[in-house]
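Each remark here refers to the structure printed beneath this line.
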Amino acid sequence: MRVLDSHTEGEPTRVIVEGGPDLGSGTLAERRLRFEREFDHVRRGTILEPRGSDALVGALLCPPTDDRYSVGAIFFNNDGYLGMCGHGSIGVAVTLAHLDRVELGRITIETPVGVVSVELTDPNQATVENVPSFCYRRDVVLSVEGLGTVKGSIAWGGNWFFLVDDAPCKIIPSNEAQLRRAAIKIRAGLDTRAIVGQDGQPIDHIEFFEPSHSADAHSRNFVLCPGNVYDRSPCGTGTSAKLACLAECGELAAGQTWIQESMIGSRFVASYRRNEAGEIIPRVTGRAYICGDAELFFHPDDPFADGIS
Ligand code: PYC
2 MRVLDSHTEG EPTRVIVEGG PDLGSGTLAE RRLRFEREFD HVRRGTILEP RGSDALVGAL
62 LCPPTDDRYS VGAIFFNNDG YLGMCGHGSI GVAVTLAHLD RVELGRITIE TPVGVVSVEL
122 TDPNQATVEN VPSFCYRRDV VLSVEGLGTV KGSIAWGGNW FFLVDDAPCK IIPSNEAQLR
182 RAAIKIRAGL DTRAIVGQDG QPIDHIEFFE PSHSADAHSR NFVLCPGNVY DRSPCGTGTS
242 AKLACLAECG ELAAGQTWIQ ESMIGSRFVA SYRRNEAGEI IPRVTGRAYI CGDAELFFHP
302 DDPFADGIS
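Written out as structure tokens, the structure reads:
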């Protein structure tokens, strides 16, 4: 299997460009289900050690359902499958440009939760126009052991997020373990109380915020992903969820810039527009760099061919 590795503002993406499973036809959501049911060993073998790491997000390229779209992509990680992935969409676009499969300009990526458009402005920079995003519930309060009362909002940005009003401690790399433990507890608390997204969707990403550490950015975040690792980038879908909440509270107007910084100081420059239906369409700009072009081997006798779970 040939994979191209890149990172988007520090967060890695591994795109399967050759030798991935053939998921057949159907919608991307149906194909994601087929991936999960019949080829989950491929996800594990590609992402988990010894070939990968917990921080990796994978993307399987597949033919789109409609030739108006450039490509289909199913994103996955150490825990399972994602709806959309903002940093991953930038990684896919930069990877396709690196392989000369697309030119600079606009491409469209079909995902299990909708079609996103990605404008490649140079070989290492792209703007994702995400799926419609929205704030689902505000001022959700829950009591979490060891943390006390936690208040936040539930929002959709291509994945489900709980955006916590107050971070439990300063968002700096040396507090990573504390932030991760707190976010895991909050996610468990939401789960126990059956606090979910629309249509009963589980909330699998937890996001903390604090003011940015630099004068030219608006906010710093820490995002816990479903596999209990933090997003090294400011998280494209998490930034989209944040924009939706800011718009809901009247704190950010359409077209206004929001610079979201991650715990490691990398940035996404974001804004939103409203479509004809009045929905929020986030735009997220970031940089990605190719860092590897590899062939992965899966020997039939290898006891860890399917990864170390
Ligand atoms: O950038 O949307 C994102 C993302 C989701 C999980 C990891 N990154």
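Counting from 2, one number per residue, gives the positions in the sequence shown under my numbering. The beta carbon of each residue, even a glycine, is placed where N, CA and C say it ideally should be.
Proximity test, residue i beta-carbon vs the ligand PYC heavy atom, cut-off 6 Å
i: G87; result: yes
i: V58; result: yes
i: C226; result: yes
i: C236; result: yes
i: D232; result: yes
Member of the options whose CA lies at the smallest distance from the CA of residue i
i: F135; options: L61, G198, A295 and G92; result: G198
i: E120; options: C292, S71, L297 and G256; result: S71
i: S7; options: N125, K152 and G81; result: N125
i: A56; options: V145, G237, S215 and G228; result: G228
i: R188; options: N176, H214 and S154; result: S154
i: V117; options: W259, G237, E249 and G279; result: G237
i: S90; options: T286, D80 and D307; result: T286
i: E19; options: P64, P212 and G115; result: P64
i: P283; options: A242, S310 and S234; result: A242
i: I173; options: F305, G106 and I265; result: I265
i: T112; options: C86, D101 and D307; result: C86
i: I75; options: F269, D41, G279 and A248; result: D41
i: R138; options: Y82, G84, E177 and I204; result: I204
i: G256; options: V58, E39, E130 and R38; result: E130
i: T66; options: L29, A60 and I185; result: L29
i: L62; options: L34, G21, Y82 and E31; result: G21
i: T109; options: L100, A94 and T122; result: A94
i: G308; options: R35, V132 and N78; result: N78
i: S213; options: K171, L49 and L105; result: K171
i: A289; options: D140, L97 and F162; result: L97
i: R58; options: V230, G158 and L143; result: The amino acid occupying residue 58 in the given sequence is Val; Arg does not appear at that position. Of V230, G158 and L143, the residue nearest in Cα terms is V230.
i: E296; options: G81, L225, I17 and D167; result: I17
i: D167; options: I196, D140 and E104; result: D140
i: K186; options: H206, R32 and T128; result: H206
i: R107; options: L143, P133, R69 and G115; result: R69
i: R182; options: W161, A218, V145 and R35; result: V145
i: A184; options: A218, G149, D101 and G201; result: G149
i: G84; options: N160, H99, G11 and R32; result: N160
i: G190; options: F223, K152, R221 and S215; result: K152
i: F209; options: Q202, N222, A218 and G201; result: N222
i: L253; options: I260, Q261 and L244; result: L244
i: L100; options: V114, V4 and A178; result: V4
i: A301; options: C250, G46, S220 and I260; result: The residue you asked about is not Ala; residue 301 is Pro in the sequence shown. Ranking the options by Cα distance to P301, first place goes to G46.
Delimiting residues of the beta strand (DSSP E) encompassing residue i
i: C292; result: I281 to E296
i: I110; result: G106 to T112
i: E19; result: E12 to E19
i: Y137; result: F135 to V145
i: H206; result: H206 to P212
i: N222; result: S220 to L225
i: S7; result: R3 to T9
i: L121; result: G115 to D123
i: Y273; result: R268 to R275
i: Q126; result: Q126 to E130
Extent of the continuous alpha helix (DSSP H) run through residue i
i: L29; result: L29 to E39
i: C246; result: G237 to E249
i: A255; result: Per DSSP, A255 belongs to no alpha helix (DSSP H) and is neither H nor E.
i: K186; result: E177 to T193
Closer than 7 Å to chain B by CB, residue i
i: H300; result: The displayed structure is made up of one protein chain only, and chain B is not part of it.
At 4 residues or longer, and completely inside the stretch 36–90: list those alpha helix (DSSP H) runs for me, N to C. 41–48
Just to confirm the assignment: which complete beta strand (DSSP E) runs, minimum length 3, are found wholly within the stretch 148–178? 149–157 and 161–165
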